[in-house]
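Numbering (the working numbering), first residue to last: 56 to 310. Notes follow once the structure below has been shown.
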């Protein structure tokens with residue numbers, strides 16, 4: 056049984072939890088692949104591979120060389136390129152592929168959400184809507200900060216596991232190197248301490264970072280919510296589930 060080989064495309068809490076659950080069961084030889092954007096990822100059981108594959112062609116070559124039997128795409132909802140490469144590579148090889156699609160957040164009564172397509176659109180809204188000197192909390196990660204350089208009259212608080220490149224930062228930006236999960240108590244304190252007047256977030260879903268939404272609701276401040284990219288097209292060998300339980304059920308079924 057343990058001869059069956061599984062590749063988890065990881066980088067999320069779901070991927071880590073799945074790797075731990077499968078390590079305990081011992082039915083699969085698991086490799087978790089990480090993009091390498093975080094220099095100090097949390098420890099994982101099983102084999103860990105760090106770095107890109109070289110597009111769909113490189114991933115297909117890796118799957119063939121490593122004799123992978125199944126693939127689970129548990130990447131971040133915004134990792135659109137990796138998900139598309141996984142779909143293309145697995146379709147080419149006829150490998151079963153499962154996508155863990157974490158449910159998106161939905162606005163609750165009292166929320167002031169502004170739907171935006173990307174970080175650039177969020178920056179444009181901030182310039183038009185907020186007075187000079189207003190403080191904005193950015194919770195996007197370090198790779199999508201550069202568009203906010205077009206907001207020189209605003210103050211930013213950037214929360215990220217790792218710091219962005221210095222040349223990408225807005226002129227007035229405080230860095231908070233923090234990793235979730237975050238609590239409502241902590242988010243209330245952060246909003247009050249820095250005088251936050253708007254939050255920019257990706258619609259990542261999940262519980263680890265959802266407290267900021269409740270904090271924004273209580274403070275009656277807007278959340279600029281960046282919508283998710285469209286998921287890749289599915290082939291006959293591709294499925295999707297919402298959580299780890301669904302992934303474990305999928306793995307228990309015969310191919």
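Beta carbons: idealized from backbone N, C-alpha and C, even for Gly.
| Query | Result |
| --- | --- |
| Contained alpha helix (DSSP H) runs [length at least 4] in the segment 64-116, N- to C-terminal order | 68-80 |
| Straight-line gap, residue 158 to residue 297 (C-alpha atoms, nearest Å) | 6 angstroms |
| Environment of residue 229 [buried if 16+ CB atoms lie within 10 Å] | exposed |
| Residue range of the alpha helix (DSSP H) that includes residue 241 | 239-249 |
| Boundaries (first-last residue) of the beta strand (DSSP E) holding residue 294 | 293-296 |
| Limits of the beta strand (DSSP E) - the one that residue 280 falls within | 278-281 |
| DSSP bridge partner residues for residue 190 (one or two, in chain order) | 210 and 251 |
| As assigned by DSSP and simplified to three states, the class of residue 124 | coil |
| DSSP beta-bridge partners of residue 256 | 194 and 280 |
| Assumed close pair residue 153, residue 127 - CB separation to whole angstroms, cut-off 8 angstroms | 5 angstroms |
| Three-way DSSP call (helix, strand, coil) for residue 227 in this model | coil |
| Short Cβ contact (8 angstroms threshold) for residue 236 with residue 263 | yes |
| Residue 180, DSSP secondary structure in three states | helix |
| Touch test, the segment 161-173 against the segment 269-280, Cβ-Cβ under 8 angstroms, three pairs minimum | yes |
| Given residue 198 as reference, the closest of 186, 205, 68 and 221 once Cα atoms are compared | 221 |
| Residue 254 burial status per 10 Å Cβ neighbour count (16 or more: buried) | buried |
| Cβ-Cβ distance between residue 74 and residue 101 below 8 angstroms | yes |
| Coil, strand or helix - residue 308 by DSSP | coil |
| Residue 154, DSSP secondary structure in three states | strand |
| Local Cβ density within 10 Å of residue 56, reported as buried at 16 or more and exposed below that | Confidence is the limiting factor: at residue 56 the pLDDT is only 45, short of 50, which leaves the residue's position unreliable, though a coordinate-based value still follows. The residue is exposed, with fewer than 16 neighbouring Cβ atoms inside 10 Å. |
| Run of the beta strand (DSSP E) containing residue 168, from where it starts to where it stops | 168-171 |
| Alpha-carbon spacing of residue 242 relative to residue 191, whole angstroms | 13 angstroms |
| Supposed contact pair residue 129 and residue 69 - C-beta distance, whole angstroms, cut 8 angstroms | 5 angstroms |
| Residue 137 classed as buried or exposed, judged by whether at least 16 other C-beta atoms fall within 10 angstroms | buried |
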